[in-house]
Amino acid sequence: MIRCLLLAFMATCFLTNGAAADALTGPTSRQSLNPVAIAMFLSFVAVSLGITFWAARRGTRTASDFYAAGGGLSGFQNGLAIAGDYTSAATFLGVTALIYTSGYDGMIYAIGFLVGFPMILFLIAEPLRNLGRYTFADVVAFRLSEVPVRIIAGVNTLVIVLFYLIAQMVGAGKLIELIFGLPYYAAIGVVGLLMMAYVAFGGMLATTWVQIIKAVLLLSGSVLMSILILSHFGFNLEALFSRAVELHPKGQAIMAPGGLVRDPVSAISLGTALIFGTAGLPHILMRFFTVGDARQARLSVLVATGFITVFYTLLFVLGFGAIALVSGDPAFKDAAGNLIGGTNMVALHLADQLGGSLLLGFISAVAFATILAVVSGLTLAGASAASHDLYARVIRRGQASEREEVLVSKGAAVAISLAAMGLGILFENQNIAFMVGLVFAIAASANFPIIFLSIAWRGLTTRGAVMGSLAGLILALVLVALSPGVWTATFKLGPAPFPYDNPALFSLPLAFFTTWLVSRFDRSKEAVGVRFAFDAQHVAAQTGFDRPRAPAIHH
Amino acid sequence: MDTERIAGHALFRRLAFERRCLGGVLAFAMAAVYFAYILTIALRPSLLGVPVHANSVVTWGIVVGAALLSFGFVLTAIYVLVANTRLDALSRHLQETLQ
């Protein structure tokens, strides 16, 4: 089966290469085919499919293998995989481009995406690891009534995964169009088929290794580029910054906050979404079930945070390096004086400037690997929610065999990949800038409050959790629909009724308040039992002694 | 396992309390520092544009940003260190007493 897929994939490649040659004559494609990039990209694909083949042979038949790689990863491996899951090509190219155009604002953006990570560890990681098996819904369903909380958690997961996939797929399509000169549809098809293969055949094990390889490639690529940049300036940061300030049209202003953050409410709202939303992202949370114990879970966060910190810090060197080394070079500008391929290409031009076509090829392949690692993690999270939470535990009420559950999961992975391809094509020319912010707002308002309260608050009841999560989800979606990003920019309906781009400042407190209020006045018999069951859950969450006794028992 | 006996055990209560304190204090520190940074940018951005010394192009904003990036990692390291030594020791002690 794998071999068939590989052949089909090769065929797609040749076809698209032919099509790309066509596109090269067209006015829209500005990037010529780079043989080094194609060779490195093909070797990455070959290695990753080899790993998928190995993972498929090692067994993806039991649920634990498929969802959690058998739970046998080390904290270090998992930390690298989390970093690989989280750092997207959009960040790599986008933050570099943001620094290239606005300087300091790129740093504000990068910091926002980092601060959520330590919060996962401080607030939920250890109890999460001790209570759950495959999805975060396991944790919430530990003592609450299973069916309603799994429905809401499953739906939240699918909503988050689909929105995030749209953002990633559209970015991926445009990026590959630019880097490799492939047409947009072909690019979407290649990404969709590869992620389908990794997840459906290789499950968590293959996805993890794709993410680990990507993380290592991305970090080595950024370290290499940073060293090359600094070597131009005698390893003196001050010299690099001075040169950048000299060349940039905004001058010294690039060393201070610019226009990214204007009004305090929007800034705090986005900050709320980022700092609490990371702890509600299903594809990140499910990675904690792949390690043996809470100690390894801690190590995972330490490794992931360390990696992401270094990576974001290096992006800063890359961005300023691009100002200093690319902006003054007419070879990278078109006739109108704009950067060839748009500012998002600046990291690639920088690679070209620093190391010629060899480094350009390497960095292009790294960007591609980055895309694949992120979309695979998302697809796996969506497939797990569909099969484990919705199919096995809700529809079949725990009566499905493990084999059947895994089959459904593989089917769901195929369906989600197809949906992602379709949505990627549908949203090609839409304004999707709001989507990542929306994903974090939903994660912060619909997932984080119920995960946190189910661990920390004895008084939480099923009704409270369901109503609170629903309130957070609905308010986040409605406010985003009424925000400038969607109301004005996407639907062109005039001034937006809700003036802020991110809803989290309102939807997160509403979710907490609703959960508290409904739980507090829940007089049902079930609520009494749920409160009583807190002690047992608390002991399991804090000690992990009870760990093998899982909430999902297959007969 | 007799959860009621563990839940009431002094060592267990100590473990749960210390873990909650550790996580709570560190989460508060992270959130407070981050929101202070965001509010400074929104309300007094000029503060971050001041050069670190007269002849330098490097501003306090760069220094603070780099410090904030490392701050998250340092807090994470503190948590891991305390949990691996103090909390794990408490947990082992509890397990031994229960047997």
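Note that the protein sequences, when read in sequence, are chains U and F. Note that my numbering has the first sequence beginning at 1, numbered continuously upward. Note that my numbering has the second sequence beginning at 1001, numbered continuously upward. Idealized CB from N, CA, C, for every residue including glycine. Computed from a predicted structure; not experimentally measured.
Residues sharing a beta bridge with V291 of chain U, DSSP: U:L73
Own chain, CB closer than 8 angstroms to H1093 of chain F, minus 5 neighbours either side, in chain order: L1011
Nearest neighbour of L1043 of chain F, chosen from U:G259, U:Q542, U:S357, U:Y391 [CA to CA]: U:G259
Local conformation of P330 of chain U per DSSP, three classes: helix
A1089 of chain F classed as buried or exposed, judged by whether at least 16 other C-beta atoms fall within 10 angstroms: exposed
Which of helix, strand or coil DSSP assigns to T1059 of chain F: strand
Residues in the segment 1055-1087 of chain F having any Cβ partner in chain U nearer than 8 angstroms: S1056, V1057, V1058, T1059, G1061, I1062, G1065, A1066, L1068, L1069, S1070, G1072, F1073, L1075, T1076, A1077, Y1079, V1080, A1083, N1084
Cut-off 6 angstroms between Cβ atoms - residues of its own chain near C4 of chain U, not counting five sequence neighbours on either side: Summary for C4 of chain U: the model assigns pLDDT 46, below 50, so the residue's position carries little reliability; its value from the coordinates is reported in the next sentence. So no residue of the chain qualifies.
Simplified DSSP assignment, three categories, for A503 of chain U: It should be pointed out that residue 503 of chain U corresponds to Pro in this sequence rather than to Ala. DSSP places P503 of chain U in coil when its eight states are reduced to three.
A550 of chain U at chain F interface by Cβ criterion, 8 angstroms: Low confidence applies here, because A550 of chain U scores a pLDDT of 40, under 50, leaving its location unreliable; read the following figure in that light. It does not: the Cβ of A550 of chain U has no partner Cβ on chain F nearer than 8 angstroms.
Bounding residues of the alpha helix (DSSP H) (the contiguous stretch that carries P249 of chain U): Careful: P249 of chain U lies outside any alpha helix (DSSP H) and carries neither H nor E.
Bounding residues of the alpha helix (DSSP H) (the contiguous stretch that carries P127 of chain U): 125-131
F1012 of chain F (DSSP reduced to helix, strand or coil): helix
Other residues of its chain near F66 of chain U: CB distance less than 7 angstroms, five sequence neighbours each side excluded: T60, G203, M204, V406, S409
Residue-level contact to chain F via CB, L144 of chain U, 8 angstroms cutoff: no
8 angstroms Cβ shell around M435 of chain U - same chain, five flanking residues per side excluded: F163, Y164, I166, A167
I455 of chain U at chain F interface by Cβ criterion, 8 angstroms: no
Pairwise C-alpha distance: M195 of chain U and S401 of chain U: 26 angstroms
Those runs of the alpha helix (DSSP H) which lie wholly inside the segment 204-280 of chain U and span at least 4 residues: 237-247, 264-277
Counted within 10 angstroms of its Cβ, other Cβ atoms place T208 of chain U as buried (16 or more) or exposed: buried
Per-residue DSSP class, three states only, for T25 of chain U: Confidence at T25 of chain U is low in this model, with a pLDDT of 28, below 50, so its placement is unreliable and the value that follows should be read with caution. The answer is helix: DSSP assigns T25 of chain U an H, G or I state.
Close-in-space but distant-in-sequence residues of the same chain around T462 of chain U (CB under 7 angstroms, 5 per side omitted): L144, S145, P148, V149, E526, V530
For A335 of chain U and M119 of chain U, the rounded distance between their alpha carbons: 48 angstroms
Backbone secondary structure at P1051 of chain F - three-state DSSP: strand
Any chain F beta carbon closer than 8 angstroms to F241 of chain U: yes
L460 of chain U, DSSP secondary structure in three states: coil
Residue range of the unbroken alpha helix (DSSP H) whose run includes A1093 of chain F: Residue identity check: residue 1093 of chain F is His in the sequence provided, not Ala. First-last of the alpha helix (DSSP H) with H1093 of chain F: 1088-1098.
When U:P35, U:T543, U:A37 are compared against D293 of chain U, the one with the closest alpha-carbon: U:T543
CA-to-CA distance, G468 of chain U to D352 of chain U, given in whole angstroms: 51 angstroms
Boundaries (first-last residue) of the alpha helix (DSSP H) holding L418 of chain U: 402-426
Proximal chain A residues relative to L1026 of chain F, where beta-carbon distance stays under 8 angstroms: Chain labels in this structure do not include chain A; the protein chains are U and F.
Rounded separation between D522 of chain U and V528 of chain U - CA only: 9 angstroms
From F:V1025, F:V1063, F:D1002, residue whose alpha carbon lies closest to that of Y1037 of chain F: F:V1063
Minimum C-alpha distance to D535 of chain U - residue among U:A419, U:R458, U:V303, U:Y134: U:R458
Same chain, Cβ closer than 7 angstroms to S64 of chain U, five either side skipped, listed in chain order: G70, G71
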